[in-house]
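If you count the sequence shown from 1, position 12 lands on 11 in numbering that gives the first Met the number 0, and the numbers rise without skipping. Working notes, structure below.
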Amino acid sequence: MLFDLPDHATLYRALLERDSRYDGQAFVCVTTTGIFCRLTCPARKPLAENCAFHDTIGACLEAGFRPCKRCHPMQAAAMSEPVIATLLDALEADPARN
Ligand SMILES: [Zn+2]
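Structure, rendered in structure tokens:
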């Protein structure tokens with residue numbers, strides 16, 4: 000782990016404020032929708048109790064969440080993590096799995 004996640008309240012505030020300092024460092028999984036987002040996502044913000052924060056996209060995927068179609072968390076990560084780009088290509092090549 001490269002980054003120690005701050006506590007839930009701090010991350011939730013960052014989410015509400017679309018704090019770009021956490022962009023790429025923390026992701027929010029929305030338990031009511033099954034989708035995960037960058038903290039800077041333009042979508043309407045979920046309630047705090049419906050948010051679970053993870054520091055990697057891998058952790059979000061393992062938890063069973065799918066990337067948001069508005070903020071594209073995986074495309075941002077693909078720049079720095081080639082393995083994510085490969086995974087993303089595989090998903091796009093097989094839309095039935097989306
Ligand atoms: Zn989003």
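Where is the CB? At the ideal position from N, CA and C, for every residue including glycine. These numbers were taken from a predicted model, which means no experiment stands behind them.
Do the CB positions of residue i and residue j come within less than 8 Å of each other?
i, j, result
"cysteine 59", "cysteine 40", "no"
"alanine 25", "phenylalanine 52", "yes"
"aspartate 18", "arginine 37", "no"
Look at the alpha carbon of residue i and the alpha carbon of residue j, and state the distance between them as a whole number of angstroms.
i, j, result
"cysteine 50", "aspartate 93", "29 Å"
"alanine 42", "arginine 69", "7 Å"
"glutamine 74", "threonine 9", "25 Å"
"alanine 62", "glutamate 16", "25 Å"
"alanine 89", "valine 82", "11 Å"
"alanine 45", "arginine 20", "Reading off the sequence shown, one finds proline at residue 45, where the question assumed alanine. Cα to Cα, the separation comes out at about 20 Å."
Write down the C-beta distance between residue i and residue j rounded to the nearest angstrom, noting that I regard them as a contact closer than 8 Å.
i, j, result
"aspartate 54", "leucine 14", "Between leucine 14 and aspartate 54 the Cβ distance is about 14 Å, and since that is not below 8 Å, they are no contact."
Can you find the residues in the same chain that come closer than 7 Å, C-beta to C-beta, to residue i, ignoring five residues on each side of it along the sequence?
i, result
"histidine 7", "Phe52"
"proline 72", "Phe26, Phe35, Cys36, Arg37, Ile56, Pro66"
"tyrosine 11", "Ala47, Cys50"
"glutamate 91", "none"
"methionine 0", "Residue placement at methionine 0 is flagged as unreliable, the pLDDT there being 45, under the threshold of 50; the coordinate-derived value follows with that caveat. Asp54."
Check whether the Cβ of residue i lies closer than 7 Å to any heavy atom of ligand 3, and answer yes or no.
i, result
"alanine 25", "Looking for ligand 3 in the displayed structure turns up nothing; the ligands present are ligand 1."
Here's a check: name, in chain order, each residue in its chain whose Cβ is nearer than 6 Å to the Cβ of residue i, leaving out the five neighbours to either side.
i, result
"threonine 31", "Asn49"
Whose C-beta lies closer than 8 Å to the C-beta of residue i among residues of the same chain, with five residues either side of it excluded?
i, result
"glycine 33", "Gly63, Phe64, Arg65"
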